[in-house]
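*Asks:* With the sequence shown counted from 1, adding 644 to any position gets you the numbering used here.
Each residue gets a CB set at the ideal place from its N, CA and C atoms; glycine is no exception.
Only a predicted model underlies this, so the values are computations on that prediction, with no experimental measurement involved.
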Amino acid sequence: MSEERRPADDTALAMMAHLDLTMAEIGFAPTFEAIGLGERVDVSRLVAGLLLRVSQLCDGFAGGQACAVAEMETLRIPIDEFWAMTRPKDRVEQRLRILVAAALELELVERMAPRLDASTVEAASDTTSAWRIVDLSSRAVVQELKTNPDRRDSLSLYARRVIGEAAVLVQGIVVRREGMRLALTGGLDPELQVSTVVVDGLLAAVATRVGALGLSV
Numbered sequence: 645m646s647e648e649r650r651p652a653d654d655t656a657l658a659m660m661a662h663l664d665l666t667m668a669e670i671g672f673a674p675t676f677e678a679i680g681l682g683e684r685v686d687v688s689r690l691v692a693g694l695l696l697r698v699s700q701l702c703d704g705f706a707g708g709q710a711c712a713v714a715e716m717e718t719l720r721i722p723i724d725e726f727w728a729m730t731r732p733k734d735r736v737e738q739r740l741r742i743l744v745a746a747a748l749e750l751e752l753v754e755r756m757a758p759r760l761d762a763s764t765v766e767a768a769s770d771t772t773s774a775w776r777i778v779d780l781s782s783r784a785v786v787q788e789l790k791t792n793p794d795r796r797d798s799l800s801l802y803a804r805r806v807i808g809e810a811a812v813l814v815q816g817i818v819v820r821r822e823g824m825r826l827a828l829t830g831g832l833d834p835e836l837q838v839s840t841v842v843v844d845g846l847l848a849a850v851a852t853r854v855g856a857l858g859l860s861v
């Protein structure tokens, strides 16, 4: 693995690991209302998958877990702020929020993979949990709109808010972290011209996925 690519690989691994960790710890909490045993099992499987992926991503660091934790710590504040600024009021908003987070990770993986080391790509390649979160959450949102169509406007507003905070999260890390710019663009991009285009496309893809559920974003 070449040294000049290390910042991109470490930042990419840390971003995904911290996002997965917080999706597992925060994304499905609180419960809000009682859910059926079947859904509880589904959520438990998703959380287990996310935590397993965190372990795999941390194993991808050349410096081991200590390096992984140190790199993840540098992203803790912006990621924690994303969750804090998007607190849901009910279970459907909860599902919508974690859908955006999972979709964001999927788009990041797709755009970063061509510029990362093969070992990093291997560590990040299993996105099964993210896809399952998108599926579970999409079904919850679609069912809510079918049952309570009058919620379309309020859920659309909440979705725009969450996507807006996701934009703040990614843009902030791109500005501050050379490694993220390298991972997304393959270059230092000091003027952020290329990074801005890539991030805009990434967020547009997330918005398209959410909009496909019937929301106005």
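Between C711 and the rest of its own chain, which residues show a CB-CB distance below 6 Å, the 5 nearest in sequence each way excluded?
*Replies:* By one-based count along the sequence shown, residue 711 stands at place 67. For C711, where only same-chain residues beyond five positions count, the Cβ hits under 6 Å are F705.
*Asks:* Do F726 and L813 have their CB atoms nearer than 8 Å?
*Replies:* Here residue 726 refers to the residue found at position 82 when the sequence shown is read from its first residue. Here residue 813 refers to the residue found at position 169 when the sequence shown is read from its first residue. Yes, the Cβ-Cβ distance between F726 and L813 is below 8 Å.
*Asks:* Please report the Cβ distance between L719 and I807, rounded to the nearest whole angstrom; I am assuming they are in contact, meaning their Cβ atoms lie under 8 Å.
*Replies:* Indexing the sequence shown from 1 puts residue 719 at position 75. Indexing the sequence shown from 1 puts residue 807 at position 163. With a Cβ gap of about 19 Å, L719 and I807 do not count as contacting.
*Asks:* Can you give me the C-alpha to C-alpha distance between G682 and S688, rounded to a whole angstrom?
*Replies:* If you number the sequence shown from 1, residue 682 lands on position 38. If you number the sequence shown from 1, residue 688 lands on position 44. Roughly 10 Å between the two C-alpha positions.
*Asks:* Is E749 buried or exposed, if buried means 16 or more other CB atoms sit within 10 Å of its CB?
*Replies:* Counting from one through the sequence shown, the residue named residue 749 turns up at place 105. With 16 or more Cβ atoms within 10 Å of its Cβ, E749 is classed as buried.
*Asks:* If distances are taken between C-alpha atoms only, which option among S773, V842, E677, G707 comes closest to D664?
*Replies:* To locate residue 664, count along the sequence shown from 1; it is residue 20. Taking only the C-alpha atoms, the option nearest D664 is S773.
*Asks:* Spatial neighbours of A851 within its chain, please: C-beta separation below 6 Å, excluding the five flanking residues on both sides.
*Replies:* By 1-based counting over the sequence shown, the position of residue 851 is 207. Correct list, in chain order: I807, V861.
*Asks:* Assign K733 to one of three DSSP states: helix, strand, or coil.
*Replies:* One-based indexing of the sequence shown puts residue 733 at position 89. Three-state DSSP puts K733 in coil, outside helix and strand.
*Asks:* Does the count of Cβ pairs from the region 774-792 and the region 817-831 closer than 8 Å reach three?
*Replies:* Segments in contact, no.
*Asks:* Taking D844 as the reference, which of T675, R755, T666 has the closest Cα?
*Replies:* As a working note, residue 844 is residue 200 in the sequence shown. Nearest of T675, R755, T666 to D844, Cα basis: R755.
*Asks:* What's the C-alpha gap between S646 and G693?
*Replies:* Against the sequence shown, residue 646 aligns to sequence position 2. Against the sequence shown, residue 693 aligns to sequence position 49. Note that S646 has pLDDT 43, beneath the 50 cutoff, so the model's placement of it is unreliable and no number is given.
*Asks:* What residue range does the alpha helix (DSSP H) around F726 cover?
*Replies:* The residue given as residue 726 occupies position 82 in the sequence shown. From DSSP, the alpha helix (DSSP H) with F726 extends over 720-728.
*Asks:* Could you give the distance in angstroms between the alpha-carbon of Q837 and the alpha-carbon of M667?
*Replies:* Here the question's residue 837 lines up with position 193 in the sequence shown. Here the question's residue 667 lines up with position 23 in the sequence shown. Their Cα atoms are separated by approximately 30 Å.
*Asks:* Specify the secondary structure class of V842 as computed by DSSP and reduced to three states.
*Replies:* On the sequence shown, position 198 is the one that residue 842 refers to. Helix at V842.
*Asks:* Could you tell me which whole beta strand (DSSP E) segments of length 3 or greater appear in the region 772-823?
*Replies:* Runs found: none.
*Asks:* Could you have a look at R649 and say whether DSSP puts it in helix, strand or coil?
*Replies:* On the sequence shown, position 5 is the one that residue 649 refers to. The predicted model places R649 with a pLDDT of 44, which falls under 50 and marks its position as unreliable, so this point remains unresolved.
*Asks:* Which residue marks the beginning of the alpha helix (DSSP H) containing T764, and which one marks its end?
*Replies:* As a position in the sequence shown, residue 764 is number 120, starting the count at 1. Taken as a continuous stretch (DSSP letters only), the alpha helix (DSSP H) holding T764 covers 762-768.
*Asks:* Residues in the same chain with beta-carbon distance under 8 Å from A656, minus the five sequence neighbours each way, listed in chain order, please.
*Replies:* Stepping through the sequence shown from its first residue, residue 656 is reached at position 12. Around A656: L752, M756, L760, T764, A768, G823, M824, A827.
*Asks:* Suppose you measure from the CA of A856 to the CA of Y802; what does that come to, to the nearest Å?
*Replies:* By one-based count along the sequence shown, residue 856 stands at place 212. By one-based count along the sequence shown, residue 802 stands at place 158. Going from the Cα of A856 to the Cα of Y802 covers about 15 Å.
*Asks:* Is L859 helix, strand or coil when you go by DSSP?
*Replies:* One-based indexing of the sequence shown puts residue 859 at position 215. If DSSP states are grouped into helix, strand and coil, L859 belongs with coil.
*Asks:* If I'm right that L789 touches G680 with Cβ under 8 Å, what's the distance once you round it to whole angstroms?
*Replies:* Translated into positions along the sequence shown, residue 789 becomes position 145. Translated into positions along the sequence shown, residue 680 becomes position 36. Not confirmed; about 20 Å, so no contact.
*Asks:* Between the Cα of S798 and those of S839, E737, A747, A762, spot the shortest distance and give me the residue it belongs to.
*Replies:* The residue you call residue 798 lines up with position 154 of the sequence shown. The candidate whose alpha carbon is nearest that of S798 is E737.
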